[in-house]
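Undergrad:
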Amino acid sequence: MVRFENVGMRYGDGPEVLRDINFALDAGSFHFLTGPSGAGKSSLLRLLYLAHRPSRGLITLFDRDTATMARHELPALRRQIGVVFQDFRLLDHLNAFDNVALPLRIAGLAEAEIAAQVGELLEWVGLADALEVSPATLSGGEKQRLAIARAVVARPELLLADEPTGNLDPELSLRLFHLFEELNKIGTTVLIATHSSELVEKFKHPALFLAEGRLVMRPENTLRAS
Amino acid sequence: MRERGAELAFDGDPANRYLPWIVALMVYLASLAVAGALVLGTSAARWQSGQSDRLTVQLPLHLAPQDGVAADTRIQAIMDILSETAGIAAVRRLERDELVFLLEPWLGAGNITDDLPLPELIDVTVERDARPDLDALKQRLIKAAPGVEIDDHGRWMSRLSAAARAVQALALALTVMIAGAATATVVVATRASLAVHRETIELLHLIGAQDGFVARAFARRALALGLRSGLIGLGLAALTFIFLQQTTSGLDAPLMPRIELSIASLAVLAALPLASAAIAMVTARFTVLKALAKLP
Numbered sequence: 021m022v023r024f025e026n027v028g029m030r031y032g033d034g035p036e037v038l039r040d041i042n043f044a045l046d047a048g049s050f051h052f053l054t055g056p057s058g059a060g061k062s063s064l065l066r067l068l069y070l071a072h073r074p075s076r077g078l079i080t081l082f083d084r085d086t087a088t089m090a091r092h093e094l095p096a097l098r099r100q101i102g103v104v105f106q107d108f109r110l111l112d113h114l115n116a117f118d119n120v121a122l123p124l125r126i127a128g129l130a131e132a133e134i135a136a137q138v139g140e141l142l143e144w145v146g147l148a149d150a151l152e153v154s155p156a157t158l159s160g161g162e163k164q165r166l167a168i169a170r171a172v173v174a175r176p177e178l179l180l181a182d183e184p185t186g187n188l189d190p191e192l193s194l195r196l197f198h199l200f201e202e203l204n205k206i207g208t209t210v211l212i213a214t215h216s217s218e219l220v221e222k223f224k225h226p227a228l229f230l231a232e233g234r235l236v237m238r239p240e241n242t243l244r245a246s
Numbered sequence: 384m385r386e387r388g389a390e391l392a393f394d395g396d397p398a399n400r401y402l403p404w405i406v407a408l409m410v411y412l413a414s415l416a417v418a419g420a421l422v423l424g425t426s427a428a429r430w431q432s433g434q435s436d437r438l439t440v441q442l443p444l445h446l447a448p449q450d451g452v453a454a455d456t457r458i459q460a461i462m463d464i465l466s467e468t469a470g471i472a473a474v475r476r477l478e479r480d481e482l483v484f485l486l487e488p489w490l491g492a493g494n495i496t497d498d499l500p501l502p503e504l505i506d507v508t509v510e511r512d513a514r515p516d517l518d519a520l521k522q523r524l525i526k527a528a529p530g531v532e533i534d535d536h537g538r539w540m541s542r543l544s545a546a547a548r549a550v551q552a553l554a555l556a557l558t559v560m561i562a563g564a565a566t567a568t569v570v571v572a573t574r575a576s577l578a579v580h581r582e583t584i585e586l587l588h589l590i591g592a593q594d595g596f597v598a599r600a601f602a603r604r605a606l607a608l609g610l611r612s613g614l615i616g617l618g619l620a621a622l623t624f625i626f627l628q629q630t631t632s633g634l635d636a637p638l639m640p641r642i643e644l645s646i647a648s649l650a651v652l653a654a655l656p657l658a659s660a661a662i663a664m665v666t667a668r669f670t671v672l673k674a675l676a677k678l679p
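Spelled out as structure tokens, the structure:
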């Protein structure tokens with residue numbers, strides 16, 4: 021599903037923020053990406069959701085070498101990846117419904133189908149009453165649930181989340197993690213970046229540990245790339 | 384029904400507040416330039432075709448001396464030479480009444496006294512297909528009456544027509560320049576708009592939107608703007624045109640181009656808002672695609 025080989029990354033002419041990253045994620049697996057703030061978790065996710073190109077090394081996504089893919093082929097790949105951004109990136113000029121509907125509209129689905137899927141999902145994350153509301157008026161936790169709904173609405177094969185429970189109370193965090201686990205059970209590969217060691221311990225999923233741009237610890241099942 | 388392309392909120396986009404009026408102004412100027420070119424084109428064609436079969440032979444004042452009979456004889460000699468020349472269809476001596484009528488616009492009615500000496504004018508119609516050799520004709524006329532002049536309207540009119548064509552070309556060049564300026568304006572405004580909507584565009588890009596999805600939203604907006612502004616510009620130009628027509632229709636100035644447009648010319652002008660819409664749309668699309676190509 022995902023394979024990094026000797027990947028390095030830098031922003032512009034700056035120093036390398038990721039160095040010699042090697043790991044592989046099997047399809048249908050569930051992993052945490054953890055480590056202290058500034059270790060490079062978000063940068064690694066940026067590589068995964070194709071917001072940034074590596075400065076060296078090889079990234080394989082869905083069995084395709086991303087470096088050799090033509091630019092116009094990348095959107096199709098991105099549509100198979102759902103992302104919960106750390107800052108949500110909700111569009112305040114669209115209501116909650118249209119925010120969640122965005123990936124489906126981009127994929128060109130019919131409005132009737134979009135209405136059904138979005139309605140169901142908003143109910144699932146507990147925002148069924150907020151269809152017409154602008155995200156700007158929602159609380160932090162509600163925004164986060166909306167962002168999660170948008171990330172999963174198109175049934176992505178790979179779900180990436182950057183500190184998805186940072187703004188949530190413990191009860192809601194648990195509910196959302198159960199949501200991620202349910203998605204994982206139906207085949208979605210999940211990678212969640214978090215600095216919360218509590219969550220990592222509680223959910224017993226294998227964790228990749230980043231420190232100072234290097235992968236310093238990784239579970240047995242992610243070693244194949246080296 | 385949900386509006387297409389609502390993913391990008393262009394309403395109240397500060398980058399585009401003045402753009403509709405700038406484009407309307409440009410279409411207004413282009414409409415006037417094109418209308419001017421079309422009017423001049425019609426006039427130039429008329430000048431060239433309608434007047435070049437006429438010559439005026441003018442006899443100087445001293446050919447009309449006290450001895451009227453002698454003068455008449457010489458005038459008759461010139462008329463004879465003209466009549467006998469091959470390629471001349473008709474020869475007519477203008478009466479004094481006609482000369483007075485021609486002079487009145489300059490001197491004022493009633494200001495031309497009977498004793499004011501006037502030159503003799505002979506109106507000559509040449510055969511358009513077999514024009515006489517004017518230089519040879521002139522030599523023969525000078526022999527008969529020194530100081531005689533041939534006014535070749537054909538040459539003068541073709542020079543006038545050439546001048547009109549030059550102004551016409553200038554007007555068309557102006558139109559092309561206005562189109563260029565409009566294109567540059569749309570590029571700048573689109574870039575500004577891209578900067579305003581950078582975060583939204585980046586998000587759309589990251590969740591799998593093709594560049595065309597974003598470019599279409601901008602192109603649709605530019606198309607509507609170009610069409611609306613184009614219609615406003617053309618409407619203002621039409622008002623200006625009617626105003627000019629009203630104010631010049633009372634003038635008795637034969638060489639002033641007649642301000643009127645054929646159906647074909649009106650069709651050309653009506654196409655200007657479509658052209659501005661097309662320019663705006665294509666420009667916006669390419670500007671957006673070029674900018675998006677920089678994203679990974």
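If you read the protein sequences in the order shown, they are chains C and U. Position in the first sequence (from 1) plus 20 gives the number in my numbering. Position in the second sequence (from 1) plus 383 gives the number in my numbering. Even for Gly, the Cβ is constructed at its ideal location relative to N, Cα and C.
From the DSSP output, which residues share a beta bridge with C:Gln106?
TA: Counting from 1 along the first sequence, the entry for residue 106 of chain C is found at position 86. C:Gln106 pairs with nothing; no bridge assigned.
Undergrad: On the CB-based measure, 16 or more other CB atoms within 10 Å of its CB, does U:Val571 come out buried or exposed?
TA: Within the second sequence, residue 571 of chain U is the residue found at index 188, counting from 1. Under this definition U:Val571 is an exposed residue.
Undergrad: Out of C:Gly161, C:Ala156 and C:Ser154, which has the shortest C-alpha to C-alpha gap to C:Gly146?
TA: On the first sequence, position 126 is the one that residue 146 of chain C refers to. Of the listed residues, the one whose Cα sits closest to C:Gly146 is C:Gly161.
Undergrad: Taking the alpha carbon of U:Ile533 as the reference point, which residue from U:Ala592, U:Ala552 and U:Met462 has its own alpha carbon closest?
TA: Sequence index remark: in the second sequence, residue 533 of chain U carries index 150 (1-based). With distances taken between Cα atoms, U:Ile533 lies closest to U:Met462.
Undergrad: For the segment 493-546 of chain U, which segments carrying the alpha helix (DSSP H) assignment without a break, of at least 4 residues, lie completely within its bounds, in sequence order?
TA: 517-527
Undergrad: Would you give the residue range spanned by the beta strand (DSSP E) that C:Met237 belongs to?
TA: As a first step, residue 237 of chain C is located in the first sequence; it is residue number 217 there, counting from the start. Per DSSP, C:Met237 is one residue of the beta strand (DSSP E) stretching across Arg234 to Met237.
Undergrad: Under a CB-based cut-off of 9 Å, is U:Phe669 close to chain C?
TA: The sequence position of residue 669 of chain U within the second sequence is 286, counting from 1. No, its Cβ sits nowhere closer than 9 Å to a Cβ of chain C.
Undergrad: Kindly indicate which residue of U:Leu657, U:Ala527, U:Ala598 and U:Pro679 has the alpha-carbon position closest to the one of U:Ala667.
TA: In the second sequence, counting from the first residue as 1, residue 667 of chain U sits at position 284. Among U:Leu657, U:Ala527, U:Ala598 and U:Pro679, the Cα nearest to that of U:Ala667 belongs to U:Ala598.
Undergrad: Identify the contact partners of U:Leu589 in chain C, using a Cβ-Cβ distance below 7 Å as the criterion.
TA: For the purposes of this step, residue 589 of chain U is identified with residue 206 of the second sequence, where counting begins at 1. Near U:Leu589 (Cβ distances below 7 Å), the residues of chain C are Tyr69, Ala71, Arg98 and Val103.
Undergrad: Distance, Cα to Cα, C:Val120 vs C:Leu196?
TA: Sequence index remark: in the first sequence, residue 120 of chain C carries index 100 (1-based). Sequence index remark: in the first sequence, residue 196 of chain C carries index 176 (1-based). The alpha-carbon atoms of C:Val120 and C:Leu196 are separated by roughly 16 Å.
Undergrad: Since C:Met29 sits in a beta bridge, which residues does DSSP pair it with?
TA: Translated into positions along the first sequence, residue 29 of chain C becomes position 9. The partner list for C:Met29 (beta bridge, DSSP) reads C:Leu38.
Undergrad: Measure the alpha-carbon distance for U:Arg475 versus U:Ile464 and round it to whole angstroms.
TA: Position 92 of the second sequence, counted from the first residue, corresponds to residue 475 of chain U. Position 81 of the second sequence, counted from the first residue, corresponds to residue 464 of chain U. Rounded to the nearest angstrom, the two C-alpha atoms are 13 Å apart.
Undergrad: Determine the DSSP secondary structure at U:Gln441, reduced to helix, strand or coil.
TA: To locate residue 441 of chain U, count along the second sequence from 1; it is residue 58. Three-state result, U:Gln441: strand.
Undergrad: Since I believe C:Leu53 is in contact with C:Leu211 (beta carbons under 8 Å), could you give me their beta-carbon distance rounded to a whole number of angstroms?
TA: Numbered from 1 along the first sequence, position 191 holds the residue referred to as residue 211 of chain C. Numbered from 1 along the first sequence, position 33 holds the residue referred to as residue 53 of chain C. Confirmed, Cβ separation roughly 6 Å.
Undergrad: Around the C-beta of C:Arg99, are 16 or more other C-beta atoms found within 10 angstroms, so that it is buried, or is it exposed?
TA: Mapped onto the first sequence, residue 99 of chain C falls at position 79. That one is buried.
Undergrad: Indicate whether at least one CB of chain U lies closer than 9 Å to the CB of C:Asp118.
TA: By one-based count along the first sequence, residue 118 of chain C stands at place 98. Closer than 9 Å: yes.
Undergrad: What distance in whole Å lies between the Cβ atoms of C:Ser49 and C:Ala213, which are believed to be in contact at a cut-off of 8 Å?
TA: Reading the first sequence from its first residue, position 193 is the one you call residue 213 of chain C. Reading the first sequence from its first residue, position 29 is the one you call residue 49 of chain C. Incorrect: roughly 15 Å between the Cβ atoms, too far for contact.
Undergrad: Check whether the segment 22-32 of chain C and the segment 71-87 of chain C are in contact - that is, three or more C-beta pairs closer than 8 Å.
TA: yes
Undergrad: Given that U:Phe601 touches chain C, what residues does it touch there, using C-beta distances under 9 Å?
TA: Taking the second sequence and counting its residues from 1, one reaches residue 601 of chain U at position 218. Chain C residues near U:Phe601: none, gap ~16 Å exceeds 9 Å.
Undergrad: So does the segment 38-45 of chain C actually touch the segment 221-238 of chain C, counting three or more Cβ pairs closer than 8 Å?
TA: yes
Undergrad: With burial defined as no fewer than 16 other Cβ atoms inside 10 Å of the residue's Cβ, what is the status of C:Glu183: buried or exposed?
TA: Here residue 183 of chain C refers to the residue found at position 163 when the first sequence is read from its first residue. By the 10 Å Cβ count, C:Glu183 comes out buried.
Undergrad: Which whole-angstrom value is the C-beta distance of U:Leu589 and C:Val22, which I expect to be below 8 Å?
TA: By one-based count along the second sequence, residue 589 of chain U stands at place 206. By one-based count along the first sequence, residue 22 of chain C stands at place 2. At roughly 17 Å, the Cβ-Cβ gap does not stay under 8 Å, so U:Leu589 and C:Val22 are not in contact.
Undergrad: Could you name the residues of the same chain whose beta carbon sits closer than 8 Å to that of U:Leu655, not counting the 5 residues immediately before and after it, in chain order?
TA: Taking the second sequence and counting its residues from 1, the one referred to as residue 655 of chain U is at position 272. Counting only Cβ-Cβ distances below 8 Å, and skipping sequence neighbours, we find Val410, Ala413, Ser414, Val417, Gly613, Gly616 and Leu617.
Undergrad: Does U:Ala676 get closer than 9 Å to chain C when you measure Cβ to Cβ?
TA: Mapped onto the second sequence, residue 676 of chain U falls at position 293. Answer yes: the Cβ-Cβ gap between U:Ala676 and chain C drops below 9 Å somewhere.
Undergrad: Could you tell me whether the segment 599-612 of chain U touches the segment 663-678 of chain U, using the rule of 3 or more Cβ pairs below 8 Å?
TA: Three or more beta-carbon pairs separated by less than 8 Å link the segment 599-612 of chain U to the segment 663-678 of chain U, which places the two stretches in contact.
Undergrad: So what does DSSP say about C:Glu210, is it helix, strand or coil?
TA: Stepping through the first sequence from its first residue, residue 210 of chain C is reached at position 190. Correcting the residue identity first, residue 210 of chain C is Val in this sequence and not Glu. Here C:Val210 sits in strand by DSSP.
Undergrad: For chain C, check one thing: does any of its Cβ atoms lie closer than 9 Å to the Cβ of U:Leu672?
TA: As a working note, residue 672 of chain U is residue 289 in the second sequence. Not one chain C Cβ lies under 9 Å of U:Leu672.
Undergrad: In chain order, what residues of the same chain lie with their CB nearer than 8 Å to the CB of C:Leu141, ignoring the 5 residues before and after it?
TA: Sequence index remark: in the first sequence, residue 141 of chain C carries index 121 (1-based). Taking C-beta separations shorter than 8 Å and ignoring five residues to either side along the sequence, the partners of C:Leu141 in its chain run Val120, Ala169, Val172 and Val173, following chain order.
Undergrad: Taking its Cβ as the centre, do 16 or more other Cβ atoms sit within 10 Å of C:Phe43, making it buried, or is it exposed?
TA: Here residue 43 of chain C is taken as the residue at index 23 of the first sequence, counted from 1. C:Phe43 is buried by the Cβ-count criterion.
Undergrad: Taking CB distances under 9 Å as the criterion, tell me whether C:Arg91 reaches chain U.
TA: In the first sequence, the residue the question calls residue 91 of chain C occupies position 71. Chain U contact via Cβ: present.
Undergrad: In terms of alpha-carbon separation, which member of U:Thr670, U:Ala565 and U:Ala620 lies closest to U:Ala658?
TA: Your numbering for residue 658 of chain U matches position 275 in the second sequence. Residue U:Ala565 is the option with its Cα nearest to U:Ala658.
Undergrad: Do we get a CB-CB distance below 9 Å when we pair C:Asp33 with the residues of chain U?
TA: Walking along the first sequence from the start, residue 33 of chain C turns up at place 13. So no, C:Asp33 is outside the interface.
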